[in-house]
Amino acid sequence: MRHDPAAAAIVIMLRSLKMYGMAQAVEDLIEQGAPAFEAAIPILSQLLKAELAEREVRSIAYHMKSAFGGKTVPQTVF
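For the sequence shown, position 9 matches number 9 in the numbering used here, and the numbering has no gaps at all.
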C-alpha cells in the first residue's frame, strides 16, 4: 500500500459525514491498490465536497428558519 494523501482525505471526509461503512470500504480499496479506485479518487473527492457544501447550506437554512420563528427571512435583513 502506498500512502496517497487524496485517498486519505476521502476517508477523513467520509468519517466527518458519518459514513463509516463507506470509509472502511475505501480503506479496503486503498489496501488492495485497486486501479479503478485510483481513477475514481478525483470524482469521489468532488462528490464529497459537494455533499459537505449541501449539508452546510441545509444547516444554515435550518438555523435561519429557527432563528426567525419558522418564517422566511426577507432579503432586506441583510
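Beta carbons are placed, not taken as given, at the ideal position from N, Cα and C, and that holds for glycine.
Return the chain-ordered list of same chain residues with a C-beta closer than 8 Å to the C-beta of residue i, the five sequence neighbours on each side being excluded.
i	result
Glu27	Val11
Count the other CB atoms, across all protein chains shown, that sit within 10 Å of the CB of residue i; report buried if there are 16 or more and exposed otherwise.
i	result
Leu14	buried
Leu91	The requested residue 91 does not occur in the structure, where the chain is confined to residues 1 to 78.
Ile30	buried
Ala7	buried
According to DSSP, is residue i part of a helix, a strand, or is it coil?
i	result
Ala34	coil
Leu17	coil
Asp4	coil
Lys71	coil
Determine whether the beta carbon atoms of residue i and residue j lie at a separation below 9 Å.
i	j	result
Leu52	Ser16	yes
Glu38	Asp4	yes
Under 7 Å Cβ to Cβ from residue i, same chain only, skipping five residues before and after it: list those, please.
i	result
Pro42	none
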